[in-house]
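*Asks:* My questions all concern the structure below.
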Amino acid sequence: MSKLINPIEKANPVFLSRIKDQLKDEKDYEEFCKISAIPPVNSIRCNTIKISPSELKKRLEKRWEIKQPFKKHPEIMIVESKLLPGELGKAIEHILGYYYIQEISSMMPVLVLNPKEDESILDLAAAPGSKTTQIASVMNNKGILIANEVSLGRIGILSTNLQRCAVTNSLVIRQTGESLCKKLVNLNIQFDKILADVPCSGEGTIRSSPRTVQMFSENLIKNLSNTQKYLAINAIKALKVNGTLVYSTCTHAPEENEAIISYLLENYPVEIQEINLPLKTRPGITKWKEKNYHKDVNKCIRIYPQDNNTEGFFIACLKKTGEIN
Numbered sequence: 231m232s233k234l235i236n237p238i239e240k241a242n243p244v245f246l247s248r249i250k251d252q253l254k255d256e257k258d259y260e261e262f263c264k265i266s267a268i269p270p271v272n273s274i275r276c277n278t279i280k281i282s283p284s285e286l287k288k289r290l291e292k293r294w295e296i297k298q299p300f301k302k303h304p305e306i307m308i309v310e311s312k313l314l315p316g317e318l319g320k321a322i323e324h325i326l327g328y329y330y331i332q333e334i335s336s337m338m339p340v341l342v343l344n345p346k347e348d349e350s351i352l353d354l355a356a357a358p359g360s361k362t363t364q365i366a367s368v369m370n371n372k373g374i375l376i377a378n379e380v381s382l383g384r385i386g387i388l389s390t391n392l393q394r395c396a397v398t399n400s401l402v403i404r405q406t407g408e409s410l411c412k413k414l415v416n417l418n419i420q421f422d423k424i425l426a427d428v429p430c431s432g433e434g435t436i437r438s439s440p441r442t443v444q445m446f447s448e449n450l451i452k453n454l455s456n457t458q459k460y461l462a463i464n465a466i467k468a469l470k471v472n473g474t475l476v477y478s479t480c481t482h483a484p485e486e487n488e489a490i491i492s493y494l495l496e497n498y499p500v501e502i503q504e505i506n507l508p509l510k511t512r513p514g515i516t517k518w519k520e521k522n523y524h525k526d527v528n529k530c531i532r533i534y535p536q537d538n539n540t541e542g543f544f545i546a547c548l549k550k551t552g553e554i555n
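Here our numbering = 1-based position in the sequence shown + 230.
So, in structure tokens, the structure goes:
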């Protein structure tokens, strides 16, 4: 059996320096490097539109060992058995849409969004559909769910997953996030809640995609942060007053995370909300390099892989407090 290679060993030195600056503690950094060499756990989410968690667990336990790590969220499951490559995806329960293969930290933004049956919700960057199907499941397939995706190729994957999971309360749209929000605002259409799980540099996905840290580029982060900022601004404009925006990324880069939220807090009528999740989380970073961010960004949350044996994530929850002229 070949030895697992820690992707950190081949990582861009600038990336390593940035992670060290974020973690500060040497032992914490070592734990980050150690967990990065281990593939993520096999986690799935029960699609409650089609089957209950107890029924799914009963079916799956005929061949796998199943763990439900969170009592209040029985739909979140870990397959602890040793699996063959592609085994989860080939299982009949997956083909029938009884579960979605989804990393645990990736499920957290929708828990923060807390969708309700009677709400109008926009998923601004929806493909491949993990969070869209999760939102629909929490909404019991009721309400209004707009799933937007700019990539034509990814729309096919999104539509396939929505169909497989029997999602019927959604409408798929192909637009850039910015142009969609502008068009909706011009039509006086606003949403109760918006999920902006924006395209990012993906630093948090090292365990499943080791090449991420080899391809690290500060220029990429800079370019992405501009895109993310304008997506977030337009999302705020498309939100009803007292509505909720959940902004999330799967990266650790402060320029793509706290910097965006700080800008919104300083320039738009929004206030940040406390986040409580069943995972260990860390507060947002209020200073990075020579830049001081808005003090309230410490209410954002960071999920590091070494804290929960997951991948990395960043989540912020904002409430719109007034109209934007």
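All C-beta atoms, glycine included, are put in the ideal place defined by N, C-alpha and C.
Quick one: Cα of E285 to Cα of I451, how far?
*Replies:* Position 55 of the sequence shown, counted from the first residue, corresponds to residue 285. Position 221 of the sequence shown, counted from the first residue, corresponds to residue 451. Roughly 43 Å separates the two Cα atoms.
*Asks:* Figure out for me which residue from A483, K312, A355, K372 has the closest Cα to the Cα of Y534.
*Replies:* By one-based count along the sequence shown, residue 534 stands at place 304. When only C-alpha atoms are compared, the closest one is A483.
*Asks:* Might you give, ordered along the chain, the residues of its own chain that have their beta carbon closer than 7 Å to the beta carbon of S232, omitting 5 neighbours on each side?
*Replies:* By 1-based counting over the sequence shown, the position of residue 232 is 2. Because S232 sits at a pLDDT of 43, beneath the cut-off of 50, its placement in the model cannot be relied upon, and the following sentence gives the value as read from the coordinates. No residues qualify anywhere along the chain.
*Asks:* Could you tell me which residues DSSP pairs with N272 in its beta bridges?
*Replies:* In the sequence shown, the residue the question calls residue 272 occupies position 42. Answer is V309, bridged to N272.
*Asks:* How do the region 490-502 and the region 460-475 stand: do at least 3 beta-carbon pairs fall below 8 Å, yes or no?
*Replies:* yes
*Asks:* Use the C-beta contact count for V244: other C-beta atoms within 10 angstroms, 16 or more gives buried, fewer gives exposed.
*Replies:* Within the sequence shown, the letter at position 14 stands for residue 244. V244 is exposed by the Cβ-count criterion.
*Asks:* Under a three-way DSSP split, which group does R441 fall into?
*Replies:* Here residue 441 corresponds to residue number 211 of the sequence shown, with the count starting at 1. Looking at R441 - three-state DSSP - the assignment turns out to be helix.
*Asks:* On the CB-based measure, 16 or more other CB atoms within 10 Å of its CB, does L313 come out buried or exposed?
*Replies:* Walking along the sequence shown from the start, residue 313 turns up at place 83. Classification of L313: exposed, given that the 10 Å Cβ count is below 16.
*Asks:* Ends of the alpha helix (DSSP H) at V380?
*Replies:* Taking the sequence shown and counting its residues from 1, one reaches residue 380 at position 150. From DSSP, V380 is part of no alpha helix (DSSP H); its letter is neither H nor E.
*Asks:* Nearest CA to the CA of R293: which residue from T540, E323, N277, K264?
*Replies:* Looking up residue 293 in the sequence shown gives position 63. Of T540, E323, N277, K264, the residue nearest in Cα terms is E323.
*Asks:* Let me check understanding here. Comparing Cα to Cα, which of L290, Q503, S431, E379 lies closest to E486?
*Replies:* Your numbering for residue 486 matches position 256 in the sequence shown. If we check each option's Cα against that of E486, S431 comes out closest.
*Asks:* Could you check where the beta strand (DSSP E) with R532 kicks off and where it finishes?
*Replies:* Locating residue 532 in the sequence shown gives position 302, where the first residue counts as 1. Following the DSSP letters along the chain, one finds R532 inside the beta strand (DSSP E) bounded by residues 531-533.
*Asks:* Cutting at 6 Å between CB atoms, please list the residues of its own chain near A241, excluding the five before and the five after it.
*Replies:* Taking the first residue of the sequence shown as position 1, residue 241 is located at position 11. Apart from the 5 residues on each side of it in sequence, A241 sits with its Cβ closer than 6 Å to the Cβ of V443 in its chain, given in chain order.
*Asks:* Keeping to the same chain, check which residues put their C-beta closer than 7 Å to that of D537; ignore five residues upstream and five downstream.
*Replies:* Here residue 537 refers to the residue found at position 307 when the sequence shown is read from its first residue. Correct list, in chain order: K510.
*Asks:* Can you say whether K423 is buried or exposed, counting buried as having 16 or more other CB atoms within 10 angstroms of its CB?
*Replies:* The residue given as residue 423 occupies position 193 in the sequence shown. Label assigned to K423: buried.
*Asks:* Classify G327 as helix, strand or coil using the three-state DSSP reduction.
*Replies:* The residue labelled residue 327 in the question sits at position 97 within the sequence shown. Correct three-state label for G327: coil.
*Asks:* Between N344, K250, F544, P358, which lies nearest to N370 when the distance is taken from Cα to Cα?
*Replies:* Residue mapping note: residue 370 aligns to position 140 of the sequence shown, counting from 1. That would be N344, whose Cα lies nearest to the Cα of N370.
*Asks:* With a threshold of 16 other CB atoms inside 10 Å of the CB of V471, please say whether the residue is buried or exposed.
*Replies:* To locate residue 471, count along the sequence shown from 1; it is residue 241. Exposed is the call here.
*Asks:* Find the nearest neighbour of N277 within the set R437, I249, R394, judged by alpha-carbon distance.
*Replies:* Within the sequence shown, numbered from 1, the residue matching residue 277 stands at position 47. Comparing Cα positions, the closest option is R394.
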